[in-house]
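Q: Listed in order, the protein sequences are those of chains W and D. Residues 3 to 539 (my numbering) make up the first sequence, in order. Residues 14 to 305 (my numbering) make up the second sequence, in order. Supplied in structure tokens, the structure appears directly below.
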Amino acid sequence: MATKTKKRAVAVILLVTMLAALMAACSGKNENGGASASGSAGAKGSESAKPSATAEPPVTLDWLAYNSYGQPDANAPLVQMVEKKFNAKFNVWYVDNQKWVDQLNVKFAAGEMPDVLQIREQIPKYVDNGILAPIPEEKIRELAPTYAATIDKYDPNLWNAVKYDGKIYGLPSINLAGDYPTVVLWRQDWLDNVGITKIPETLDEFEAALLKFRNDDPDKDGKKDTYGLSSFAIPFVMGAFGYPGNNASYVMKDGKITFAAIQPEMKDALTVLNKWYKEELIDPEFVTGENTGGYWADSQALYNGRIGLTGNGMFYQWRNELFGGEDQGGGQYQNFIKAQPGGKLTFGKPPVGPSGKSGTLQWGVNSTAVGITNKAAEDPRKLETLLKMLETTFTDYDYYMTVLRGNEGEDWKKVDDSGKVLILNQSTSVADFSKKGVQVFNIMNNPDFDKKADADLYKFADSKKTTGYPPVIAPAVDSYAKYAGDLYKLATETYIKIILGEQPVSSFDAFVAKFKANGGDEIEKDVNEAYNKMLGK
Amino acid sequence: MKQRRMSDRLFSLVVYALLTGLALTIVLPMMQVLTISVSPLNVVNRYGFHFIPTAFDFSGYRQVFHKETIWTGYQNTLVRTILGTGITIVMTFLGAYPLSKRQLPNRAFWTGFVVLTMFFSGGLIPSYMLVKNIGLMNTVWSLVLPGAVSAFMLLIVRNFIAALPESLEESAKIDGANDLYILWKIVVPLSMPILATVALYAAVDHWNAWFDSMLYIQNEKKQVLQLILRKIIIDGTADPSTTGAADSMNAPTNSQAMKMAALVVTMLPIMCVYPFLQKYFVKGTLLGSVKG
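Structure (structure tokens):
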């Protein structure tokens, strides 16, 4: 009996000490955590300590309207400059860029919300969950007129992309690169070697050139080891028939949204591609893709001298015009030159099809929108501050360059009166920028100022600009999320099989029926309804 | 007799061939990783295998080590691994020992209580709210406390201790040892193999973990190595047009080499420790599997 109670006493003592140790450890750390969390709070204190010129105290914004590649230092001069300029206090959130949506969902569920954020989830979802607050259009036009005018200029449809039930829930932003279609690239030295002087423009001229690439030994090594094209070029060959259809993308036809993959024109495109495959113009490896690793725009098939026609990338990746100094051209162009020292590339145009259509894939200018939460909507000053900041981004060139690139003279400098800018810290990574508070407060890119700063690059881009097929701006619907994966697989597999000749071209009609039956029709119905609802029709 | 030797030889030949093949499937990818991590882009982009480096370029390692957060990351990972493993051992053992005793009142209930957590958990969001409301956010405790005791490990340890001969403890008691003394001098030394196993499992888990750090830690300086490496890789492969850094459009990123370098950096420390712990690992896993 005595031993039993003793045993119990020991157990209790053990338990208590353990708990005590735990508690002590936790609370000790707690104070620590509190102290570090109040790194911002401390700054707040010092801010309010010195009386500001305006009578109003600074407005506090929980800020997530940036890419969050690195954590900005709250005491960085740039952060303080912006805070002073707009009489604001920023509590900058730091989330993982790649797990953004997941991480935010957890926080939302736990009742935490930023004031301003990049909207990386479908707007209807956030609105229905009570996260996003509407932004009145009059308010945008009143406080940020230059911004609104810029959006109107690039694509007024962008306003539709942020609408739900006819109300605006986000500030649309522009990805300038998406204004340029993906490229069409020829091996100029191969064209020279097979005696073609004019860069091919029509589908027939393409075929003639590619036949020579296959049969006339364009690399002069005496071996028949070259092909015409691989996977990157297939979309713009299809583009000659109206749309690149080997996926589950939408296309707008007679004011209605439908799928590109099931359009009858694609049957003609597949007939041509199948013929080309039989003529051995298409590298058989295209099935697994011509990028076999590394950066997505790299074409190992081109680097290894297997093909002479490629695409998929952007003008800046393949820029073959040097701007002087130490400039070596675009990144992928440099890779190509290293792999094929004597090689030459030239920019072409997508082939023109029988009905006069042509174009390559294009990303479209629509980029991540920025919205405010219901928490921020409680204080009208928050939206006003945001819109003021946005307008400054679109009107004040020096301010824009500073929040986007860092300090003048240290990170960048103007090279002439036109405002062209030279970047002085080329090798710095985005994460390092973020630490100094760079690329945190610009909210979005200003395409006009970007063009002005990088005049040479965009002059080059404009000179190479071809036609493209930008994606249709359509609202997300549940049925799309449900079926799109399978439909995408069905479309790509069928297309590849038809090109390889494993399935006759005539099987395309059966494919269309299957595509529609397995969710295609349902998505079409839902998306058109949602589209009309989005526009408030 | 001779025939038998013949078949013996054939047998070991087959075994050796199989084992060599197996070893090659492990060694060759490693060589590929090592080679690519030190190769320039034009070699990486070439078709075929890369087992032996033909040209050297350490830009991948430079990119990985250029961030100072990698050192704080290393430090944080070391701290959480050591602290976390320590806590795990102590808690698991203290939980398993009473459960292994038949005289524990309501033993079946308590065991069932522990087993239950193996099948049901609160899920991500309740865990987050719990950690947040206890005030563990932004501290190393949020990384080591939530997963401190794995029910599975606890049961393995419990079974191991239960299999120790009862008479050892009884004789110690007759010699006048109290419960604590028995625990410390008899049970703990005998449980070393299983504790080493638990330690190894816990240490490897802590070394590789990053999701909890992403969720609970908001301060870059407190984040663990794996998360930092992940960020370095994402940072290095991010598309310039989406990050708005038009200037980096001109620099081809050797993302493959960088990825492989990051892999080597994470792999090396654990690879250095592993050979010394392997015997416990094998022994412990066997014990667990037979009796667990």
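Every residue, glycine too, gets a C-beta built ideally from N, C-alpha and C.
In its own chain, which residues sit with a C-beta less than 7 Å from the C-beta of Trp102(W), not counting the 5 before and 5 after it?
A: The residues are Arg122.
Q: Which partner residues of Trp188(W) appear in the DSSP bridge assignment?
A: Beta-bridge pairing links Trp188(W) to Leu311(W), Thr348(W).
Q: Below 9 Å between beta carbons is the criterion; list the residues of the stretch 61 to 73 of chain W that meet it against any residue of chain D, in chain order.
A: Listed by position, the residues of the stretch 61 to 73 of chain W near chain D (Cβ gap below 9 Å) are Asn69, Tyr71, Gly72, Gln73.
Q: Within the 8 Å Cβ cut-off, does Asp300(W) reach chain D?
A: Closer than 8 Å: yes.
Q: Using a Cβ-Cβ distance under 8 Å, would Val57(D) count as near chain W?
A: Taking Cβ atoms only, chain W reaches closer than 8 Å to Val57(D), which makes this a yes.
Q: Run through chain D and tell me which residues come within less than 8 Å of Ala476(W), C-beta to C-beta.
A: Here the premise fails: no neighbours, minimum Cβ distance about 21 Å.
Q: Going by DSSP in three states, Ile475(W) sits in which element: helix, strand or coil?
A: Note: Ile475(W) maps to coil in three-state DSSP.
Q: Between the stretch 212 to 235 of chain D and chain W, which residues of the former have a C-beta closer than 7 Å to a C-beta of the latter?
A: Flagged, chain order: Met227, Leu228, Gln231, Asn232, Glu233.
Q: Quick one: does Ser268(D) have its CB under 8 Å from some CB of chain W?
A: Yes, its Cβ sits closer than 8 Å to a Cβ of chain W.
Q: Return the Cβ separation of Val405(W) and Phe443(W) in integer angstroms, given the expectation that the two are a contact with Cβ distance under 8 Å.
A: Right, the Cβ-Cβ distance comes to about 5 Å (below 8 Å), so this counts as a contact.
Q: Note down, in chain order, all residues in the stretch 335 to 367 of chain W with a beta-carbon under 7 Å from any beta-carbon belonging to chain D.
A: Residues Gln336, Asn337, Lys340, Ala341.
Q: When you compare only the Cα positions, how much space is there between Pro343(W) and Asp456(W)?
A: Cα to Cα, the separation comes out at about 28 Å.
Q: Just the C-alpha distance for Gly291(W) and Ala68(D), rounded to the nearest angstrom, thanks.
A: Rounded to whole angstroms, Gly291(W) to Ala68(D) spans 27 Å at the Cα level.
Q: Assign Pro382(W) to buried or exposed, taking buried as 16 or more other Cβ atoms, counted over all protein chains shown, within 10 Å of its Cβ.
A: Label assigned to Pro382(W): exposed.
Q: On the CB-based measure, 16 or more other CB atoms within 10 Å of its CB, does Thr375(W) come out buried or exposed?
A: Thr375(W) is buried by the Cβ-count criterion.
Q: Is Lys145(D) close to chain W, meaning its C-beta is less than 8 Å from at least one C-beta of that chain?
A: Yes, Lys145(D) counts as interfacial toward chain W.
Q: Mind checking Met268(W): buried by the 16 CB within 10 Å criterion, or exposed?
A: So Met268(W) ends up on the buried side.
Q: Show which residues of chain D have a CB atom less than 7 Å away from the CB atom of Val108(W).
A: Simply Leu137, Ile138, Tyr141, Leu228.
Q: Considering just the uninterrupted stretch of the beta strand (DSSP E) at Ala109(D), what are its terminal residues?
A: Looking at the DSSP string, Ala109(D) is not in any beta strand (DSSP E); the run it does join, the alpha helix (DSSP H), is 82 to 113.
Q: Name the DSSP bridge partner or partners of Tyr402(W)?
A: In the DSSP output, where bridge partners are listed per residue, Tyr402(W) has none listed.
Q: Does the distance from the C-beta atom of Asn2(W) to that of Thr62(W) stay below 8 Å?
A: Outside the shown range of chain W (3 to 539) lies residue 2(W), about which nothing can therefore be said.
Q: Given a threshold of 16 other Cβ atoms within 10 Å of its Cβ, counted over all protein chains shown, does Leu242(D) qualify as buried or as exposed?
A: Buried, by the Cβ-count rule.
Q: Candidates Tyr460(W), Gly361(W), Leu388(W), Thr387(W): which alpha carbon is nearest Gly470(W)'s?
A: Per the Cα distances, Gly361(W).
Q: With contact counted as at least three CB pairs below 8 Å, one residue from each stretch, are the stretch 77 to 95 of chain W and the stretch 219 to 227 of chain D in contact?
A: Verdict: no, contact absent.
Q: Quick one: any contact between the stretch 58 to 75 of chain D and the stretch 188 to 195 of chain D, if contact means 3 or more CB pairs under 8 Å?
A: Result no; under three Cβ-Cβ pairs closer than 8 Å.
Q: With a cut-off of 8 Å on the beta carbons, I'd call Tyr252(W) and Phe243(W) a contact; round off their distance for me.
A: With a Cβ gap of about 17 Å, Tyr252(W) and Phe243(W) do not count as contacting.
Q: Going along the stretch 279 to 300 of chain W in order, which residues come within less than 7 Å of chain D, judged by CB to CB distance?
A: So the list reads Gly295, Gly296, Tyr297, Asp300, given in the order they occur along the chain.
Q: Any chance the stretch 166 to 179 of chain D sits against the stretch 110 to 128 of chain D, with 3 or more Cβ pairs inside 8 Å?
A: Touching, yes, given that three or more Cβ pairs across the two stretches are closer than 8 Å.
Q: Helix, strand or coil, according to DSSP, for Phe64(D) in the structure here?
A: Looking at Phe64(D) - three-state DSSP - the assignment turns out to be coil, as it is neither helix nor strand.
Q: Answer yes or no: does any C-beta atom of chain D fall closer than 8 Å to that of Tyr305(W)?
A: Chain D, which has a Cβ nearer than 8 Å to the Cβ of Tyr305(W), makes this yes.
Q: I'd like to know whether the C-beta atoms of Phe234(W) and Gly313(W) end up nearer to each other than 8 Å.
A: Yes, the Cβ-Cβ distance between Phe234(W) and Gly313(W) is below 8 Å.
Q: Give me the Cα-Cα distance between Gln239(D) and Tyr297(W), rounded to the nearest whole angstrom.
A: Gln239(D) and Tyr297(W): Cα-Cα distance of roughly 21 Å.
Q: May I ask which residues mark the beginning and end of the alpha helix (DSSP H) holding Val81(W)?
A: Start and end: 79 to 87.
Q: Which of helix, strand or coil does DSSP assign to Ile170(W)?
A: Strand at Ile170(W).
Q: Using DSSP's beta-bridge definition, name the partner residues of Val61(W).
A: BP columns for Val61(W) point to Ala90(W).
Q: Tell me whether Glu386(W) sits in a helix, a strand or coil according to DSSP, three-state version.
A: Of the three classes helix, strand and coil, the one that applies to Glu386(W) here is helix, per DSSP.
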